[in-house]
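Sequence lines, in order, name chains A and B. Residue 249 in my numbering sits at position 249 of the first sequence; the count goes up by one each step and never skips. Residue 1063 in my numbering sits at position 518 of the second sequence; the count goes up by one each step and never skips. Working notes for the structure below.
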Amino acid sequence: MIFANVLLIIIIAVAISHFAARYFYWLFKNDDVLNYALPRSLHNFFFRNDDLSSQTYTQYFLNFIILNCIAVFLVIIVLMLQKHFPLNVRGLEGLSFDLALNISISFITGTNWQAYSGGDKLSMMSQAVLAFCAFISSASGLAIAVAFIRGISFNPKNSEGYAFGNFYQDFFRSFIFVFLPACFIISIAFILLDIPQTIIEYQEYKGFDGTKYSVTSGFIAAFEAIKIFGVNGGGYFSSSSASYLENPSILTNILQNIFMIVVPITIILLYARFIDQIKHGYFIIALITGFLLLSSYVIYSYESLNAPFSGKEIRFSDMQTSIYSAFSIMSSGSSSANYVLFTPSSELMLMIDLLSGSAVLGGIGGGIMNMFVFIILAVFFCGVMAGRTPRFIGKKIGSREIKLIIIYLFVYQSIILLSTAFIFYSGISSQFISESGHKAITQSLFLFTTTTINNGSGFGSIPDNLVTINLLTAFCMIAGKLTLLYIKLAISDSLSNKIPSMSRLSDVQIDAPFFLVLILFSILNDVLVFMPSIIIGPVIEVLRY
Amino acid sequence: MSLIHSVREGFDYEIIKSSLKMGFYRLSPNYIKRNPLMFLIWIIAVMTVISSIYSYFILNKMDKNELIFAVVVSLSIWFVLYFSYFAESIAELRGTKTIKKIKNTRTEITARKIVGSHHEFISSNNLKIGDLVIVTAGEFIPCDGDVVDGIAIVDESAITGESLAIVKESLPGKNKVIFGTKIVSDSIVVKVTNIFSDNYIKTLQETVDNNLRRMSPNEQALNYLLFGFTLLYVVMCISLFPMASYLGLKIDLIQMAALLICVSPTTAAALINPSSISAIERLIKRNIFILNSKVLEASGDLDFVIFDKTGTITSGNRVATEIIPLQGYSDKEIASFLELCSYKDITVEGKSIYALVEQKFGLKHSPEIKKKLRFHPFTAKTRTSGVEYEKSVLLKGAVDTIVSLSKSKGNEIPEQFYEIVRKIGNEGATPLAVMKNYEIVGIIKLNDKLKVGVRQRLERLSAMGIRVIMLSGDNFYTTKAIANEVGIEDFICEAEPDAKLKNILDLQEAGNIVAFVGDGANDAEALAQSDVGLTLNSSSEIVKSASNAIDRDNDPMKIIDLIEVGRELLITRGCLTTFSFFNDIAKFFVVVPMTFLALYPELNNLNFLNLHSTKSALMAAIIFNALLIFIALPIAIYGIRYRPMKPSKIVRRFFLIFGTLGFFLPLLGIKFLDIIIHMLGGLL
């Protein structure tokens, strides 16, 4: 039953993605798109400068940072001074700088780890700015993913100039022609399915006993659309999709599941289309399906054994909650349950999902780009064992790529492990970790993993007024996003300079089931680094349970 | 179907003895710092020793069990280093031994050295640079050198593959002669410019030595991978200290070092360099010399092999196959002319004409007639050969020479002559004209002679997934006829000298790895440009210096061996890496839960091997870790065998074999050692 449920969601998502990938391919492959009448006039409205030529990866990345920085400053100003902005009926106070910084970075990196309680602390204006920030994050994430894919598939022999394209052009295309229309349609659907969309900040009603209750409201449906479709995961309220206003019925629950994975899967198919290996793309999706089935099943089989604790979503049955958790831990990070109240085995599963999750499925700007690191590693193992210098779509994998991959793994694992080590070494763990003993290890490892890989799932409650933790997680999010993105673009750049060989005989066969085994092998080698911390964290609990 | 190369020569105890010593000397930091991964392990080893000494002698904190643990761990880490340098020394010494063997078995030619006014017979091995030697018709040239006096026709076909004999005289561009080539006519004085042993043995030794310093691209990538993963594990261990101390578990440095070394890919790191050296040594045994290990890797990667037709696919010499009479003569009459014409001819073509006449017509003139003949040998000036017999002149030679001779005497060219010449050309053969008294009377058809076994070996090449291109200066028909005969699809005909270079450049620009096999003087550029330029030992010095691989057997098809060994090297490395990574996975699952056993007794549920204690498990794992290098050593030294198969099939096969071996071997070994350690612990 749970398998059928998960498979159904994936099949619908893949079906949508299949067409979406064609559209994306048309949109991003073909530069004439911008010469049509409507895009042209829109484009001219936004960009004065007509010289939007192709950029090097460093320029592209720099433009990406500049745009994101502008968004971050905007958000910080609005959040800190929200008292002086309109749409603040409740007269909420401005936030402290560190919290505002943390929130803005969290939204711009697509992490959407929430150190605040959205419903109580933010005015409608602030929420609106955050939604805008989520749009920027998703659209620039897609632009950079497209640039990355272009770099891989670039053939310097047939084309001139740089592989990556122009950031503003790509951003424009993905913002105006992907996220804006798609989110508009999805918000309409959500409104029809009873998610509120009002400009009244809160509503009051009288209970049976005569006391007055006030319920925070706002443009939740629109917020929800970019949260889900943009694979961001940051909810309007702190309980995110566990809240009845964000996720009122089983239908919205399933829809959110589907749309959470549409864009990541579309990017995989887009990548497959660009390198002309469609079958390879579907094999990667098969791998992801396997992961989703396994984790949904494990979580469900342990959760259904237990009586529900408080904080666990029970409105839509254990099964739906388990599926939602499995999907979101690998993509958006919008939770429909408090994971700290899960059974230990489910926690272990979530932890493993999270660690491999940056590669398997993942968010926009992660996802296939992270998976690609493991694909290249698998190609390397494969090629060396076949007695040839490994080649990916005809391009040689040399020591530069391997060096970059190693730096990638080193950076992301060091951020997670050393931050965890740091809070225990310096003793600041006691300030915010609500649990003790091995549970504290689990909690902090989870915290730093989720921020570093920009997933944003929460695990247990963490107080929001701590300067140290706000700054530390902000650092993890920004370092995790930017350094890793830069390294991945460098890998793509290195491949873009290589001329693919004509004869594909020596290519590693990337569209075969056995290749998935090799990908799993390389992911396993990566996850093993976390094994000691997992052993003294979640595993102890599983054994004690 | 043995997996690795068979152990043919058995053990050489000398090598093992000196390797044991050399491995020890190489543990000095000066030597080790060349390899970052080994240097990292070395630092850990030193730290472990210092930490053990400090806590035993200064803090006085260790009890007997702890001391034993510290000693075992320190020794095991040192043994990892020692074994890896032992392996390296073995590979290196075997290489040196093989090179020495080659030095002693070089062919000798007797040379006539000019000393003052007379000659002195001397072995070619004893010649020195600057010596003058005289060589006359029928003799082999004993050295590479420059002609200083005289003019001679030299047959270089056995070596360069060019079918025409070449004139050598003391003019620049025409004065280089090659060791082992034969003088056809006249005599020359040669000044020795190069002695074999001086050059190549040195280069070979350098190749073996250099491999320790300069890594090939793939080897470098693999080393980055191994070093990178070890660094990740270092971060893992460092981060464990505060976490463990937060939980209240004191982990000492020695225990952490043991954990780190256990899970690092030390087996692969130790054996990758020896496997490269061994591959070079295997090549030397097959009589192929390479400039550096990069060539070996490139040959494994080849997409295209370009052969120069003459000398590689066909033997340079052409053979007479048919006689076509003209002007009313019968073929028997022409044959009898040719018998007279050729019986004293020492060129290869002449000999083959004589053989044809003898076989097909059974003709033989009496010795009396032959006594009356005046023989005109083939010279570079006349370009014809023949006899004067009873006032008539019989001559044979290249078509254009004979035609112009005939025309100059006012004779007409027979009607069908040009037609037949064209027809022969279209069949891929070469015509020679026969002339009697300056009148053309017949045509001899000369065919290219294919080298023995060329077809099968070309098939082998395509089974390896390599495309073969034949390059020839001949016209379309000739080239196509030969290409069809040997089963090559791609060929380039009427190639100008610079066509070779252009084709290679085009293919390389399209992202291909290209090998060029050739030995002619005009091949130098092409050889230098190609990724793998294989030439023959007999080619000239310039050609050799342009190429990066030389075959001592003068067999151009040895490119197959080069490719095979190149692939074997990569496969061997891949298998060692897979083996090593699976070892680590197995050791991770055994060792990591055991490390925290004292803190959380429930972790004993994960102790699926049922090991006795944390310390015994760690000791067993780290001892076995060092032993694994020893276990995998034969794979590195003898190399995995390559068979032409689909690449994906090879990967599957080796991944399964070495993955399974790599995973289960440590489990067995650790369990076994744990039992022994426990028993010894009881005795102590």
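The C-beta atom is built at its ideal place from N, Cα and C for all residues, glycine as well. Model, not experiment: these values are computed from the prediction.
Does any C-beta atom of chain B lie closer than 9 Å to the C-beta of residue i?
i              : result
E224 (chain A) : no
E401 (chain A) : yes
L441 (chain A) : Reading off the sequence, residue 441 (chain A) comes out as Ile, not Leu. At least one chain B Cβ lies under 9 Å of I441 (chain A).
N370 (chain A) : no
V508 (chain A) : yes
L528 (chain A) : yes
A512 (chain A) : yes
Y398 (chain A) : Per the sequence presented here, residue 398 (chain A) reads as Gly, with Tyr not at that position. Closer than 9 Å to some Cβ of chain B, the Cβ of G398 (chain A) qualifies, so yes.
V539 (chain A) : yes
Nearest chain A C-beta to residue i closer than 9 Å, yes or no?
i               : result
S1083 (chain B) : no
G1298 (chain B) : As shown, chain B starts at 546 and ends at 1229. That puts residue 1298 (chain B) outside it, with no answer to give.
M788 (chain B)  : yes
M781 (chain B)  : yes
V1137 (chain B) : yes
I1058 (chain B) : yes
K1119 (chain B) : The displayed chain sequence assigns Gly, not Lys, to residue 1119 (chain B). Judged by the 9 Å Cβ criterion, G1119 (chain B) is in contact with chain A.
P1179 (chain B) : no
T1122 (chain B) : yes
V808 (chain B)  : yes
Counting only the same chain and skipping the five closest in sequence on each side, list residues whose C-beta sits under 7 Å from that of residue i.
i               : result
A697 (chain B)  : K713, I728, S730, D731, S732, I733
D318 (chain A)  : Y300, E303, S304
G845 (chain B)  : I1108, G1111, R1112, L1114, L1115
L1006 (chain B) : V850, V1013, I1105
I898 (chain B)  : A865, L883, S887, I989
F220 (chain A)  : Here the sequence assigns Ile to residue 220 (chain A), which means Phe is not the residue at that position. I195, P196, Q197, Y236, L245, E246.
A1177 (chain B) : T812, L816, L1121, F1124
A134 (chain A)  : F107, I226, K227, G230, N232, G234
Beta-carbon within less than 8 Å of residue i's beta-carbon, same chain only, minus the 5 sequence neighbours each way: which residues are those?
i              : result
T450 (chain A) : T111, W113, G333, L354, G456, S457, G458, F459
I985 (chain B) : L871, Q872, I947, V948, S951, N956, I958, P959, F962, A978, V979
Taking 6 Å as the limit between beta carbons, can you name the residues of its chain near residue i, skipping five residues before and five after?
i               : result
E684 (chain B)  : I728
K854 (chain B)  : M1015, S1017
M546 (chain B)  : Note that M546 (chain B) scores 40 on pLDDT, short of 50, meaning its location in the model is unreliable and no value can be drawn from it.
L1142 (chain B) : L1148, T1159
Give, in chain order, every residue of the region 408-431 of chain A whose Cβ lies closer than 8 Å to some Cβ of chain B.
-> L409, F410, Q413, S414, L417, L418, T420, A421, F422, F424, Y425, S429
Quick check: the region 147-167 of chain A against the region 116-132 of chain A, are there 3 or more CB pairs under 8 Å?
-> no
Can you find at least 3 beta carbon pairs, one from the region 276-291 of chain A and one from the region 154-162 of chain A, that sit closer than 8 Å?
-> no
With a floor of 4 residues, list each alpha helix (DSSP H) that falls wholly inside the region 935-969 of chain B, ordered by position along the chain.
-> 944-953
If you measure beta-carbon to beta-carbon, which residues of the region 476-500 of chain A are closer than 9 Å to chain B?
-> K498, I499, P500
At a Cβ cut of 7 Å, what residues of the region 864-876 of chain B count as close to chain D, listed as they run along the chain?
-> Judged by its chain identifiers, the structure shown contains no chain D, and its protein chains are A and B.
Does the region 574-586 of chain B touch the region 616-636 of chain B, meaning 3 or more C-beta pairs lie closer than 8 Å?
-> yes
Would you check if the region 212-231 of chain A and the region 259-272 of chain A touch, i.e. whether three or more CB-CB distances between them fall below 8 Å?
-> yes
Please specify which runs of the beta strand (DSSP E), each continuous and at least 3 residues long, are wholly inside the region 838-872 of chain B, giving them in chain order.
-> 849-853, 859-870
Would you call the region 1180-1187 of chain B and the region 485-503 of chain A in contact, with 3 or more CB pairs under 8 Å?
-> no
Okay, do the region 423-442 of chain A and the region 88-106 of chain A touch, 3+ Cβ pairs below 8 Å being the bar?
-> no
Does the count of Cβ pairs from the region 557-575 of chain B and the region 770-780 of chain B closer than 8 Å reach three?
-> no
Members of the region 374-393 of chain A that neighbour chain B once the beta carbon cut-off is set at 9 Å | L377, F380, F381, C382, G383, V384, M385, A386, G387, R388, T389, P390, R391
Contact set between the region 41-74 of chain A and chain B, restricted to residues whose Cβ is under 8 Å from the partner = none
Take every Cβ of the region 1074-1081 of chain B, pair it with every Cβ of the region 798-813 of chain B, and state whether three or more of those distances are shorter than 8 Å.
-> no
Below 8 Å, can you find three or more Cβ-Cβ pairs linking the region 782-794 of chain B to the region 598-614 of chain B?
-> no
Does the region 1201-1212 of chain B come close enough to the region 1128-1144 of chain B that 3 or more CB-CB pairs lie under 8 Å?
-> yes
Does the region 1087-1101 of chain B come close enough to the region 828-835 of chain B to have 3 or more Cβ pairs within less than 8 Å?
-> yes
Indicate whether the contact test is met: 3 or more Cβ pairs, each with one atom in the region 209-227 of chain A and one in the region 183-190 of chain A, closer than 8 Å.
-> yes
Mind checking the region 151-162 of chain A against chain B and listing, in chain order, the residues whose C-beta falls within less than 8 Å of any C-beta there?
-> K157
Would you call the region 992-1005 of chain B and the region 1026-1038 of chain B in contact, with 3 or more CB pairs under 8 Å?
-> yes
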